[in-house]
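J.:
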Amino acid sequence: MVLRLVERTAVLLVSLAVSSVLVFGFMAVLPGDPARVALGVNASDEAVAQLREQFGLDRSLATQYFDWLGGLLHADFGTSYVSKVAIGPQIFDRLQVTLWLVVVGMIVALVVAVPAGTVMAARHRKISGLALSAISQLGVAVPAFLAGILLIMLFAVKLGWLPANGWTPPASDPGMFLRQLILPALSLGLVQGAVLTRYVRSAVLDVLREDYLRTARAKGLRPFPALWRHGLRNAAVPVVTVLGLQLATLLIGAVVVERVFVIPGLGSLLLDGVSNRDLLLVQDVVMLLVVAVLVVNFLVDVLYVALDPRLRVGQR
Amino acid sequence: MNTYLTRAVALAGSAALLLVAACSAGSGTSSGPSTGANQSLAIGLVAEPASLDFTTTDGAAIPQALLTNVYEGLVKQDESGKIVPDLAKSWTVSADRKTYTFELVDNAKFTNGAAFTAADAVFSINRVKTAWTTSLKAAMDVVQDAKAVSPKQLQVTLSKPSNDWLFRMTTRIGAMFSQTGVDKLATDPVGTGPYKFGSWKRGDSIVLQRNDAYWGTKPFFNQVTLKYFKDPTALNNALLTGTINVIGTVQAPEALSQFTSNTKYQVIEGTTNGEVVLSFNNSRPVFKDVRVRQAIRSAIDHKALLDTCFAGRGKLIGSMVPPTDPWYEDLTQVAPYSKDKAKSLLAAAGATGKTLRLRLPTLPYATSCGQVVKSQLEQVGLKVQIDQLEFPAAWLTTVFKNADYDMSIIAHVEPRDLGAVFSPKYYTRYDDPTLQQDLAAADAGDEATQVTDMKKAARRISEEAAADWLFLLPNLVVADKNITGLPANAITESFDLSKLARS
Chain A
1 MVLRLVERTA
11 VLLVSLAVSS
21 VLVFGFMAVL
31 PGDPARVALG
41 VNASDEAVAQ
51 LREQFGLDRS
61 LATQYFDWLG
71 GLLHADFGTS
81 YVSKVAIGPQ
91 IFDRLQVTLW
101 LVVVGMIVAL
111 VVAVPAGTVM
121 AARHRKISGL
131 ALSAISQLGV
141 AVPAFLAGIL
151 LIMLFAVKLG
161 WLPANGWTPP
171 ASDPGMFLRQ
181 LILPALSLGL
191 VQGAVLTRYV
201 RSAVLDVLRE
211 DYLRTARAKG
221 LRPFPALWRH
231 GLRNAAVPVV
241 TVLGLQLATL
251 LIGAVVVERV
261 FVIPGLGSLL
271 LDGVSNRDLL
281 LVQDVVMLLV
291 VAVLVVNFLV
301 DVLYVALDPR
311 LRVGQR
Chain B
317 MNTYLTRAVA
327 LAGSAALLLV
337 AACSAGSGTS
347 SGPSTGANQS
357 LAIGLVAEPA
367 SLDFTTTDGA
377 AIPQALLTNV
387 YEGLVKQDES
397 GKIVPDLAKS
407 WTVSADRKTY
417 TFELVDNAKF
427 TNGAAFTAAD
437 AVFSINRVKT
447 AWTTSLKAAM
457 DVVQDAKAVS
467 PKQLQVTLSK
477 PSNDWLFRMT
487 TRIGAMFSQT
497 GVDKLATDPV
507 GTGPYKFGSW
517 KRGDSIVLQR
527 NDAYWGTKPF
537 FNQVTLKYFK
547 DPTALNNALL
557 TGTINVIGTV
567 QAPEALSQFT
577 SNTKYQVIEG
587 TTNGEVVLSF
597 NNSRPVFKDV
607 RVRQAIRSAI
617 DHKALLDTCF
627 AGRGKLIGSM
637 VPPTDPWYED
647 LTQVAPYSKD
657 KAKSLLAAAG
667 ATGKTLRLRL
677 PTLPYATSCG
687 QVVKSQLEQV
697 GLKVQIDQLE
707 FPAAWLTTVF
717 KNADYDMSII
727 AHVEPRDLGA
737 VFSPKYYTRY
747 DDPTLQQDLA
757 AADAGDEATQ
767 VTDMKKAARR
777 ISEEAAADWL
787 FLLPNLVVAD
797 KNITGLPANA
807 ITESFDLSKL
817 ARS
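Protein chains in written order, with this note's numbering: chain A, 1 to 316; chain B, 317 to 819.
Dropping the structure here:
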C-alpha cells in the first residue's frame, strides 16, 4: 500500500517535470513574436527589441525556464505581456467560472450515465435497453459545441426560455447565474454522460456475470436491489478510472463551450492569450491544466485502493 | 415497485423541478433595459481590448471603446469625413502652414476633477514622443514645439507643413490626457469625454457611465455596456434574445437575412475605411513587371467576388481611397474585368503558367475571398497556391515583417493609409519615387492642393496596379428598431456613443 503510494507519487513528480519542459518548449517554438503583436503593424525594430527586453525574452531559454518554474513554485505566475497585470489573480478569477462548468457538467454526466448505463446493462437484451443504447451512441457522436449550438437554437432563440449566452457570478444574481449555467452545463454534461454511459453499461454487464451476483439473486433479491447492494461498488472501479480521464476532456470541452456561450472562463482566457501571443499567460494556463489532469489521475489511482480492498493487502 | 427505483424517481423529479424553477426565475423581470430617464444600452462588439492603454498597446479595440467616448481630442472627424472642432473651439494655420494656433473650450474637465487646459494639451502632445511605444507615435514626429500661450490657447509648431498632422490629431494620437491622470492608463483611463470608464469584466464586457460633469451635450444613456463576442453566431443570438440592443459590426453578412426580415430590427449599411487589398509583393521579380500586376487586376471579376465572399455587401473601389475622403473618385474602370486582356498581358510578360503563393491570414473574409481569387486567376492561366497563416501572430511575422509571400489579402482599416501602405518599407515593398513626390506635395500644400495631389496619387497606384482592391468593407449595424443616432459610416477609430438614444 505505502509502496504503491510512493511509486505513484514518484510517477506524478516526474510527469510534472517533463510536462513543464514540454509546455515551455512549445511556447518557445510557436511562430509569432509577442512583442511585435503587442506593438502592432508599423512598429520599428528598435521598439520591438526594447519590448522584448522588457518582457525578458532576450534572456537565454534556460534562464527563462528556471525563472518561470521558480515563480510557479512560489505561486507567482508572472505579469501578462499584453494587459500588464498579474496573471495569478486573472487565472484564479477565470478558474472559478470554469470549475462551475466542469463540476456541474460532471454532475449532469453522472446523473445521466449511472442510471442509464445500469438500465442498459440490466436490460441489454430488451428493446428498452437497445433504444437507450442507440441514443447514447448518438450522444457520443455529437461534439459538445454542436450540442451547445443546438440547445441555444431550441431553448434560447426559438422558445426564449433561457438566455443564449453570457455569465453572471452566482453572488451578484443567483437566479440569472442558474439560468445562464443550464445550457452550457447540459452541453458539456450530456455529451460526457453519453460516453460515460457506455462504460457504466459494460462495467455493470461484467458484474452481472459474476458469481456473487447470482448468489445474491439466489438469496431472493430482485435484480436492481441485488445490483445496488453488491454490484455497483464493483462496477465503480473502471468507471472512476474513466471519470478521471474524462475530467481532461471536460476541461477541453469547456474551452470550446465557453466560446459558444460567451463565458469568461479559463478557456476564453487561453484562446485570447494564444491569439495575442501572451505567451507567459498561455504557458501558465496550460501548465495549470496539465497539473490538474495529472493530479486527478493520481487521485484516481489512490482512490482504487479505497474502493477495492483487494488492492490494499498482499502486495509482494 | 421497489424502494430503490422510487428513490431514483423522486431524485429525478426534484432535479426536474429545480430546472423548471431556474428557468422561470428570471422570466418575471424583463431582460430589456428599463424605461425612464436612467436608461442603459448594451452593444455587441467583436474584438475585446487587451489593455485599456492605447499608448503602449496596439489594436483597434481600445480606441473603438474609449476614443470620443472617454477621451477627446482637439479636433475630430464627423461622419462625412470633415475635420470639426472638439476640445478646440477653433484653430488657425499660419501662412507658412507650420504653426497651428488652437483656441480651447473653457469648461472642459477631466473625470479626475482637474480642469482641461493648454498645459494638458502640451503634456499630451509631448507625451506621444516620450512615453508612447506603439508605431502610431511617428505621426507626432513632425511636431517641433508645443506651447501654452495662455491656459486656453495652444500653439503647435511643425518642422514642415503637414496636412496629415491635423488629420492624425483626430485619431487616438490626438487624445488629450490629464497631467495628473496617466498613472493607471491600462486599467483606469481618465479623459474629458461624455462617458467615464466604469468597469471591465475581462473576457466579457466594459461598462461606461455617463459623465454628469461633461462640458458638452450630455448623452442620453446613463450606462452603456460594450459586450464582446468572439463568435459571430453568439453575437447574433445575443441580439435575437435581447441580451444586447445593437450589433456594432456584423462579421458574417450572410447571416443578415434573419434581421432584415424581422420588423423588430433595423439594419444600417454604410462605408468604412477598410479597403480589402489583394496585396502584391512588389520586390518579387514576377511583380516587377507592371503587365503581370495589371493582368491580375483585369482577371478578377470584382462584382462576382463580392457576391460570393461577402454576400454582395460592400463597395467596389478601384484604389486605396474610401468615398468619405475628400479626394475620392470612382476608379473602378481603370482595370475593368476582362479575361482576354489578362491572358494577353500575361502572355506578353511571359508569366503564363507561373505559380504564385497566396498567403492568407486566418480571417473569414480573407479565407473565402482567397478561394475566389484563386479560381479566377487560374482561369487566365496562373497557378495559385494558397496557405493560411494564423492571424495576427503568424501572419504579422511571415507576411508583414519578413515579406515572405507573393500575394496576400488583408483589410487595411487605418484611415488615409495610401502613403503608408504603398511605400518601399512596407510589406508591399512598393518603390515608386513619383508616388512619393505626389504624396509629399499633398502633405505640404493647402487644402485644394492636397485634394488634387492625392487624386493623382490614387490614380497612379491604380494605373500602376500596385495592388488590387477587392472591395471596401461595409459598415453593417443591426439594432433594435427604436435606437437612434447610430452613424451609418464607420470612418473614425471610435464607436461614437454620444448621439445614441432610444425613441
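Where a beta carbon is used, it is the ideal one built from N, C-alpha and C, also for glycine.
Considering only the beta carbon of each residue, do Val506(B) and Phe426(B) sit closer than 8 Å?
T.: Annotated as proximal: Val506(B) and Phe426(B), with beta-carbon spacing under 8 Å.
J.: Step through the CB atoms of chain A and report whether any lies within less than 8 Å of the CB of Asn553(B).
T.: yes
J.: For Pro31(A) and chain B, any beta-carbon pair shorter than 8 Å?
T.: Proximity of Pro31(A) to chain B, defined by a Cβ-Cβ separation below 8 Å, is satisfied.
J.: Step through the CB atoms of chain A and report whether any lies within less than 8 Å of the CB of Asp796(B).
T.: no
J.: Check Arg209(A) in the structure and name its three-state DSSP category.
T.: coil
J.: Within the same chain, show all residues whose beta-carbon is closer than 7 Å to that of Thr241(A), passing over the 5 residues directly before and after it, in chain order.
T.: Val300
J.: Between the alpha carbons of Leu318(A) and Ile152(A), how many angstroms are there, rounded?
T.: Only positions 1 to 316 of chain A appear in this structure, which leaves residue 318(A) out of reach.
J.: Just to confirm the assignment: which complete beta strand (DSSP E) runs, minimum length 3, are found wholly within the stretch 596-658 of chain B?
T.: none
J.: Check whether chain B comes within 8 Å of Ala321(A), counting only Cβ atoms and requiring the distance to be less than that.
T.: Examination of residue 321(A) is not possible in this model, given that chain A is present from 1 through 316 alone.
J.: Taking Cβ positions, are Thr588(B) and Asn791(B) nearer each other than 8 Å?
T.: Result yes, Cβ atoms of Thr588(B) and Asn791(B) sit closer than 8 Å.
J.: Would you say Gly189(A) faces chain B, with C-beta separation under 8 Å as the test?
T.: No, Gly189(A) lies away from the interface with chain B (no Cβ there is under 8 Å from its Cβ).
J.: Evaluate Phe92(A) with the Cβ neighbour count: other Cβ atoms within 10 Å of its Cβ, from every protein chain shown; 16 or more gives buried, anything less gives exposed.
T.: Result: exposed.
J.: Does any residue of chain B have a CB that is nearer than 8 Å to the CB of Arg321(A)?
T.: With chain A covering only 1 through 316, there is no way to say anything about residue 321(A).
J.: Could you tell me the distance, in whole angstroms, from the CA atom of Val472(B) to the CA atom of Lys463(B)?
T.: 6 Å
J.: Among the candidates Cys685(B), Thr373(B), Asp547(B) and Ser691(B), whose CA atom is the shortest distance from the CA of Leu615(B)?
T.: The sequence shown places Ala at residue 615(B), rather than the Leu named in the question. Minimum Cα distance to Ala615(B) is reached at Ser691(B).
J.: What residue from Cys625(B), Ile612(B) and Ala651(B) has the CA that sits closest to Ala665(B)'s CA?
T.: Ile612(B)
J.: So, at 7 Å on beta carbons, what are the nonlocal neighbours of Gln460(B) in its own chain, with the 5 sequence-adjacent residues on each side left out?
T.: Thr473, Leu474 and Ser475
J.: Mind listing the chain A neighbours of Ala709(B)? Cutoff is C-beta to C-beta under 9 Å, in chain order.
T.: Leu30, Pro31, Gly32, Asp33, Pro34, Arg36, Val37, Val274, Ser275, Asn276 and Arg277
J.: Ignoring anything shorter than 4 residues or poking outside the stretch 729-805 of chain B, list the alpha helix (DSSP H) runs there in chain order.
T.: 734-737, 749-760 and 763-779
J.: Can you have a look at Leu138(A) and say buried or exposed, based on whether 16 or more other CB atoms are within 10 angstroms of its CB?
T.: exposed
J.: Sorted by chain position, which residues of the same chain lie with C-beta nearer than 6 Å to Ala804(B)'s C-beta, five sequence neighbours on each side aside?
T.: Ile584 and Gly586
J.: For Gly342(B), count neighbouring C-beta atoms within 10 Å of its own C-beta (all shown protein chains included) and say buried if the count is 16 or more, exposed if not.
T.: Note that Gly342(B) scores 37 on pLDDT, short of 50, meaning its location in the model is unreliable; the coordinates nonetheless yield the value given after this. The residue in question, Gly342(B), is buried, as its Cβ has 16 or more Cβ neighbours within 10 Å.
J.: Is it right to say Gln96(A) is buried, meaning 16 or more other beta carbons lie within 10 angstroms of its own, or is it exposed?
T.: By the neighbour-count rule (16 or more Cβ atoms within 10 Å), Gln96(A) is not buried but exposed.
J.: According to the neighbour-count rule (16 or more other Cβ atoms, all chains shown, within 10 Å of its Cβ), is Ala218(A) buried or exposed?
T.: exposed
J.: Going by C-alpha to C-alpha distance, which of Val112(A), Leu303(A), Ala292(A) and Leu150(A) sits closest to Thr98(A)?
T.: Ala292(A)
J.: So, do the stretch 648-659 of chain B and the stretch 695-703 of chain B have three or more beta carbon pairs nearer to each other than 8 Å?
T.: At 8 Å Cβ cutoff, the stretches touch.
J.: Check Met485(B) in the structure and name its three-state DSSP category.
T.: coil
J.: Assuming Val444(B) and Trp481(B) form a contact by the criterion Cβ under 8 Å, report the distance between their Cβ atoms to the nearest whole angstrom.
T.: Actually they do not touch by this definition, with Cβ atoms about 11 Å apart.
J.: Mapping the DSSP letters down to three states, classify Gln701(B) as helix, strand or coil.
T.: strand
J.: For the stretch 723-736 of chain B against the stretch 670-679 of chain B, are there 3 or more C-beta pairs whose distance is under 8 Å?
T.: yes
J.: In three-state DSSP terms, what is Gly590(B)?
T.: In the displayed model, Gly590(B) falls within a strand according to three-state DSSP.
J.: Inspect the beta-carbon positions of Gly166(A) and Thr559(B) and report whether they are closer than 8 Å.
T.: yes
J.: Using 8 Å as the limit for Cβ to Cβ distance, is Arg94(A) near chain B?
T.: Taking Cβ atoms only, chain B reaches closer than 8 Å to Arg94(A), which makes this a yes.
J.: Tell me where the alpha helix (DSSP H) around Val274(A) begins and ends.
T.: Leu266 to Asn276
J.: Tell me the DSSP bridge mates of Pro677(B)?
T.: Leu705(B)
J.: By DSSP, does Ser20(A) sit in helix, in strand, or in coil?
T.: helix
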